[in-house]
Amino acid sequence: MLVTLHTAYEDTTAAELSHALDTPEQPALHLLDLGLTHLGRPGIRLQLRLLGASHQVVLEGPAGNLIETVACLPGRRPELPATLADPGTGYRFTARVRRLAAAEMSARAALLRRDLADDPYALVGVFPGGPDAITALRVARRADPGGDGTGGIGWRTWHAYPQSGELVETETVVTAV
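With this note's numbering applied, the sequence shown corresponds to residues 179 to 355, in that order.
In structure tokens:
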């Protein structure tokens, strides 16, 4: 689903982002509620949330709830880990910052808008000021999103910062759902 967001674009660079698993649900500019029964995931609900400062994913399942936030978080030191794993919850997170020239940023943003616009398991928010200022989220549709035989549920996100030439890509897998 492709949406135009009617708000000021708050994030400025990837260096200002934080990752948190202890932040309550934040006010969303747009959200997509997903029940995953038809993907073989009965009892699991995912909510993809576009924030004025990036994204939040709310996962509710039989094993418990989880809220992942990647955003500029007031009162929190900016820190976006390259990798993070919690064996107890089966949570695995990776982040990568790509530095792109303006033409490559435009091409990547256009590709994300095109590929995810009609995907019922994706949400793309276009911020004011230009079509390349986007945040996108997509739920993994395969039974083993991590590719390691552990199953679970997963999602990917993209945060484009055209003014600094940065594209932040994250991938999350949760096996204890």
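A virtual CB, placed ideally from N, CA and C, is assigned to each residue, including glycine.
- For the pair M179 and C250, the Cα-to-Cα distance works out to about 24 Å.
- Judged by DSSP in its simplified three-state form, E194 adopts helix.
- Its Cα nearest to that of E194, the residue V346 stands out among V351, T353, V346.
- The C-beta distance from Y269 to L212 rounds to 19 Å, too long to fall under 8 Å, and the pair is not in contact.
- Listed in chain order, the non-local C-beta contacts of S342 below 6 Å within the same chain comprise T191, local neighbours out to five positions each way being set aside.
- Inclusion of E349 and V275 in the CB contact set at 7 Å is not warranted, their separation being larger than that value.
- Minimum Cα-Cα distance from F271 among the listed residues L258, L262, A241 corresponds to L262.
- Annotation for L278: R286, G343, L345 place their beta carbon closer than 7 Å to its own, counting only its chain and skipping 5 residues before and after.
- If the five residues before and after G239 are omitted, its C-beta is found closer than 7 Å to the C-beta atoms of G221, I222, V355, all from its own chain and listed in chain order.
- The C-beta distance from L207 to T182 rounds to 10 Å, too long to fall under 8 Å, and the pair is not in contact.
- Out of L294, S284, R316, G332, the CA that lies nearest to the CA of A338 is found in S284.
- Under the three-state reduction of DSSP, T261 is assigned to strand.
- Taking C-beta separations shorter than 7 Å and ignoring five residues to either side along the sequence, the partners of R316 in its chain run L294, D297, Y299, A300, W333, R334, following chain order.
- Comparing alpha carbon positions, the residue from Q234, E282, A198, T215 closest to A314 is Q234.
- Taken through DSSP and simplified to helix, strand or coil, D200 comes out as coil.
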